[in-house]
Structures are given as C-alpha cells and as structure tokens.
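Here the protein sequences come in this chain order: C and Y. The first sequence finishes on residue 244 if you use this note's numbering, and the numbering steps up by one all the way, no holes. The second sequence finishes on residue 283 if you use this note's numbering, and the numbering steps up by one all the way, no holes. Built from N, CA and C at the ideal position, the CB exists for glycine as well. Report on one structure; see the data block that follows.
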Amino acid sequence: MKMSVKKNTAIQNMRKDVEIMSELILGQLRELDNLLTSGELCMESEKKKKFRETEKTIDEYEIKISDEFINIISLHKPVASELRMVIACYRLSINLERIGDMALKILRILLEIKQHPNIKDFIDEISNMLTLTNNMVEKSILSLFNNDIEYAIWTLKNDDIIDEINKKMIKKIIKKNRGQLSDSQTLSNFINIKIIVSNIERMADQATNIAEASIYYLKGEDIRHSDITSVESELEKPSSDKNE
Amino acid sequence: MDIMLKNKKLAGAVVSEKTNIPNKKIEENGLPGIRMESRDLTVKYGTVTGVKNISLPICNEKVTALIGPSGCGKTTFLRSLNRMHDITRNATVSGEVLLDGRNIYHPKVNPVDIRRKVGIIFQKPTPFPTMSIFNNVVAGLKLVGIKNKKLLNEVCERALKQAALFDEVKDRLNSPGGSLSGGQQQRLSIARALAIEPEVILMDEPTSSLDPQSSSKIEDLIHELKKNYAIVIVTHNLQQAGRVSDNTGFFYLGELVEFGETEKIYTNPANKRTEEYLTGKFG
C-alpha cells in the first residue's frame, strides 16, 4: 500500500491532538457532573486550579489543531475521506473549545450559588440535564473516531430533548420566582440557574455540531440545518460501493 | 468560401459539406449540453485492451478531467476522441463516439475533418520551430487552402488573444515559434488549435512540462476557453484536475471506474478505488 507518509503522519497527528483535546473536555464535564451529583456545590481549591489549567491547555490545543489544519490544507492538499476527516477534526476542535469555555463558566456560577432549600430540586434537574449533555458530547466524539453513525444520529435526536428540558426549566424558574423578588439572594440564585441551564443547552448544541461534522466525515453529507428525522433513513444506508 | 468560413465554424462547415450523415441535434440525445459522448468504446492494440466499454459524456462549457494511474487508458481514450488511433498500428476501435449526435467512426466520416473539429494539445508544446508565430497559428487554415490575408490576420489575432498570448508576441509575429518560452510555446499550440475553431478541445497533460507560473496561465486559459468550448483534459496533477474541471472521470486498468461532478468525486467519491487513488493508497 503506497501512501504519502508525510501527509498521513500530519493527518494522524492532527487526529491524535483532537482525541487528546476531546479527552480533556470529557474530563472537565465529568468533574462538573461529580460536583452536581455530590450536591455539595463546593470544590477543593486544588481541583479548581486544575480545572482552570486544563481549560488553558484546551485553548492551546485549539490553536495547535488550527495550525495543523492550515498546514495540511496548504501543504498536503487532502481529498476524499482524508479531506473530510481533516475538516471534521477542525470543526470538532472549534466546538470542543466552546464546550470548554461553557464548562468553566458553569463551574464558576455553580460555586457562587448559595445553598438554599428552594434550589435543591433545580440542582437535581440540572444534574440530569448535564448528564444527558455529557453523553451527547461523548457519543458525538465517539461517532467520529469509531465511525459510528448511530451515535451521531442519537446525539442529534437528543438535542430536541435538551431543548425541551431547557424550556421547562425556564418556565419553572419563572414560576418559582413569583412573589420572591424581594429576596435578593434567591433572585440571584435563580438568575445563576438560568445561566447554567442555558449554557448546558448550548453545550448540547455544540455536541450536535460535532455529530453533524461526524456525519460529514462518515457520509460526505452536510446535514446542518436539516431535520434529522427527514434524513435519518438516508444516512443509515450503506455508502454505495465503498465497501466492495 | 472565405466569407462563409469567417462567420461559421470553419471545421464544422467543411465537415457538413463533405459528409452526408444525418445531423442529429444535441438535444435529441436526451442529454442537453452534451457535445460529445462515447458509448461502449473499446480500444485494443492487437490483443491488448487499452480501454474497455467506456461510456462518458463530454459537455459544452464544461471541463472534463480524466485522472488515473499511468497506463490506465486516459490518453488512449483521449486519442480515440479525434480518431488518432487511425494512424496507430494494430489499434482497433469498437463502440461509438458521438459528436453532436453523429458517430465519428462512421465509415463516411473523414478523420481529418474530425481532427479539425476536435483539436488536441499535447504534453510537450508542438510549435513548428522554424515557422513564424503567425504561420504557426494559421497553419491549419492554410492547410485547407485559405489564403485571404485579411482573414488570416483576423484569425491569428483572435486565436492568440484567446490563448492569452497576443500581448506578449504582437510585436514579433514573424519570429520563429521556437524562440518562445515553454509556456508561450504551449499557448501558441493552443492558439493554433483554436484558429481552426474546433468544437471540442482535448488536452493531454498540457502543463506537465511547464513551470508553475506558466501552468497557472494555462489553467486560467482553460477557465476562459470553457465558456466557448467543451474541454477534456488528461492530467496526473490531481490538484490541477480539481481546480480546472467541472466533471471528472477516474480510469483504472482500462475501465472508467467513476464519473461525476469534480466536487463530489474529490470530497466524497462513491467508489472505493477512486477513494484509494485520490488519497494516494495506490497509483
């Protein structure tokens, strides 16, 4: 089998860096999940410091991957599946970086929330929402690296569920807020919860973007802004005679 | 005769006068925009098959790129489009090549007329080295007996302008063609092909012997020429094929493995062998 060694190495290196970046992001999301499920809403200073340092590393990986992307396109001019992999990895890195930013923001706000009985059930729901979003992020990444279209479709379908939870949560916040505007601490908590919920919803959107990038790699189809139910059956078909 | 040639497609006029084949319109093929088309075309050299059962459309105002590893039959196919195999010993052609709906291999068709309608540019520039630039351009016209100086001047200027060479040589049209640089010589060869107003232009690796700047000029020229001609280009430069062509055909072991829009072939080829060739796994 003949192949440009330099081109192959460059693409593999980029892919490896995106995998490392993905691992870092999933680690950050797991930390958030642990924080929420513990119900304590406090974190050791060492862990906080590590969280922030990891966020910086994620930013560095974004720049590194961007450089690798530019070099591969300008020097090696990939085509076909290699081009799609490089494009998908680049799109993945952009979305991962945004997820990293949101995770840090969520952490900061969570640690600002003061414990109060009337936010206890909100925290439980946020925890469930985050768990589902984390699953979406993980499966969307796996769909790309394990060539698994099912995971990508699963992620896209779950985005609607997250949107629904988001709407319900906002309604609930408004309902709970009635008559309590005089309590500034409660109001502050509710605003913070609203920001957290919105950020989780946006993280799910990023997972959706990753799933779309994965589908682009796997099928060569750009399904952005399409309804998944209308393209699902088409996506599940095997790709022409590529498997011959 | 001269006036008619000035206003009509030169070669087209000659062919339709000399042949008596029903002039089927392009649209009758059911595929509007198709200027030329091969149907189950097979070319053999003795017992060796060059290309096998190739069916491929060549569209107006489009560039069709033929790619594939060495020896896959690209050039064999290209040469069959203007009957150049007629002069190849042991070469036999079966199947059809339709130009405007008429089979160019019909016994009543004169291959010389076909070569006027289907011009070819080779890998190496082929100017007549001692002949002047002017005479190089109008050589084809003189060959068919056109002597009107005014018409020859007009055709020469137009062809050189179309080939993006006029500004560089307008002050030395009497200099020998061999005095030009490689890139200029290739554009002179293109001007010579354009002078006889072909309908289809075949290019066999037209930039492989040129430096990047000259190659770039030829690519720009291809982009301009496709507005008026159907162009077929054989190239080993995959990036060039991607840049200049609208449709791409991938040949392998004498067969057309895949044909389609270049954008589709280069981003998501349907066939595994196309994928492997494009990504450098073989070839």
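### Task
With DSSP collapsed to three states, give me the class of Y:Ile21.
Unreliable positioning characterises Y:Ile21 in this predicted model, as indicated by a pLDDT of 32, which lies under 50. The coordinate reading is nonetheless provided below. Here Y:Ile21 sits in coil by DSSP.
### Query
Cα separation between Y:Leu99 and Y:Asp167?
34 Å
### Message
Is it buried or exposed, C:Asn225, if we count other Cβ atoms within 10 angstroms and call 16 or more buried?
### Response
Note that residue 225 of chain C corresponds to His in the displayed sequence, not to Asn. It counts as exposed.
### Message
Using CA atoms only, rank isn't needed, just tell me which of Y:Asn60, Y:Thr274, Y:Leu221 and Y:Glu255 is closest to Y:Leu160.
### Response
Among Y:Asn60, Y:Thr274, Y:Leu221 and Y:Glu255, the Cα nearest to that of Y:Leu160 is on Y:Leu221.
### Query
Applying a beta-carbon distance threshold of less than 7 Å, which residues of chain C neighbour Y:Pro269?
Ala80
### Message
Looking only at its chain, what residues have a beta carbon closer than 8 Å to the beta carbon of C:Ala10, apart from the 5 residues adjacent to it on each side?
### Response
Glu68, Asn71, Ile72, Leu75 and His76
#### Entry: C:Leu83: contacting residues in chain Y (beta-carbon distance under 7 Å)
Thr267
### Message
Could you check whether Y:Lys117 and Y:Glu199 sit closer than 8 Å to each other, using their CB atoms as the reference points?
### Response
yes
### Cβ neighbours of C:Glu232 in the same chain (closer than 7 Å, five flanking residues each side left out)
For C:Glu232, where only same-chain residues beyond five positions count, the Cβ hits under 7 Å are Ile153.
### Message
Distance check for Y:Arg192 and Y:His236, CA to CA, integer angstroms please.
### Response
Approximately 24 Å between the Cα atoms of the pair.
### Query
Do C:Asn209 and C:Arg15 have their C-beta atoms within less than 8 Å of each other?
no
### Task
Could you tell me which of Y:Ile120, Y:Lys74 and Y:Ser208 sits nearest to Y:Phe259, measuring between CA atoms?
Y:Lys74
### Query
Since Y:Val257 contacts Y:Phe251 with CB under 8 Å, what's their CB separation in whole angstroms?
7 Å
### Task
List the whole-angstrom C-beta distance separating C:Ile126 from C:Leu36, where the pair is believed to meet the contact cut-off of C-beta under 8 Å.
6 Å
### Query
Given 8 Å as the limit, is there contact between the stretch 166-176 of chain C and the stretch 187-197 of chain C, that is, 3 or more CB pairs closer than that?
Yes, since at least three Cβ pairs between the stretch 166-176 of chain C and the stretch 187-197 of chain C fall closer than 8 Å, the two stretches touch.
### Member of Y:Ile218, Y:Cys59, Y:Ile133 and Y:Pro69 whose CA lies at the smallest distance from the CA of Y:Gly280
Y:Pro69
### Runs of alpha helix (DSSP H) wholly within the stretch 67-107 of chain C (minimum 4 residues, chain order)
none
### Query
Considering only residues of the stretch 138-176 of chain Y, which uninterrupted alpha helix (DSSP H) runs meet the minimum length of 4 residues and lie entirely inside it, listed in chain order?
149-162 and 166-169
### Task
With DSSP as the reference, label Y:Pro212 as helix, strand or coil.
helix
### Query
By Cβ distance, which residues of its chain are closer than 8 Å to C:Thr57, with the 5 residues on each side in sequence left out?
Leu24
### Message
Under DSSP, the alpha helix (DSSP H) around C:Thr131 begins and ends at which residues?
### Response
Lys120 to Phe145
### Task
Tell me, please, whether the CB atom of Y:Gln239 is closer than 8 Å to any CB atom in chain C?
yes
### Message
Looking at Y:Ile307: is its Cβ nearer than 8 Å to the Cβ of Y:Thr64?
### Response
Outside the modelled stretch of chain Y, which goes from 1 to 283, sits residue 307 of chain Y, for which no answer is possible.
### Task
Just the C-alpha distance for C:Asn146 and C:Ile162, rounded to the nearest angstrom, thanks.
24 Å
### Message
Taking 8 Å as the threshold (beta carbon to beta carbon), is Y:Thr279 in contact with chain C?
### Response
yes
### Task
Using a cut-off of 7 Å between C-beta atoms, extract the partners of C:Gly220 located in chain Y.
Thr267 and Asn268
#### Entry: Stretch pair the stretch 75-89 of chain Y + the stretch 117-131 of chain Y: three plus CB contacts closer than 8 Å
yes
#### Entry: Cutoff 6 Å; reference Y:Lys25; Cβ partners in own chain excluding five residues on either side
Because Y:Lys25 carries a pLDDT of 38, less than 50, the predicted location of this residue cannot be relied on, and the following value inherits that uncertainty. No residues qualify anywhere along the chain.
### Task
Please determine, among Y:Ala164, Y:Pro129 and Y:Leu152, the residue with the shortest C-alpha to C-alpha distance to Y:Ser335.
The question about residue 335 of chain Y has no answer here: the residues shown for chain Y are numbered 1 through 283.
### Task
Can you have a look at Y:Cys72 and say buried or exposed, based on whether 16 or more other CB atoms are within 10 angstroms of its CB?
buried
### Query
Would you call the stretch 98-108 of chain C and the stretch 197-204 of chain C in contact, with 3 or more CB pairs under 8 Å?
yes
#### Entry: Contacts of Y:Glu261 in chain C (Cβ-Cβ under 7 Å)
Under the 7 Å cutoff, chain C gives no residues; its nearest Cβ is about 12 Å from Y:Glu261.
### Message
Under DSSP, the beta strand (DSSP E) around Y:Gly95 begins and ends at which residues?
### Response
Ala91 to Leu99
### Buried versus exposed call for Y:Glu276 [16 or more other C-beta atoms within 10 Å across all chains shown]
buried
### Message
Quick check: the Cα distance between Y:Glu27 and Y:Gly33, rounded to an integer number of angstroms?
### Response
Bear in mind that a pLDDT of 42 at Y:Glu27, under 50, signals an unreliable position, so the model cannot answer this.
### Query
In chain order, which continuous runs of the alpha helix (DSSP H) of length 4 or greater are located wholly inside the stretch 138-221 of chain C?
For the stretch 138-221 of chain C, whole alpha helix (DSSP H) runs of length 4 or above, ordered along the chain, are 149-177 and 184-219.
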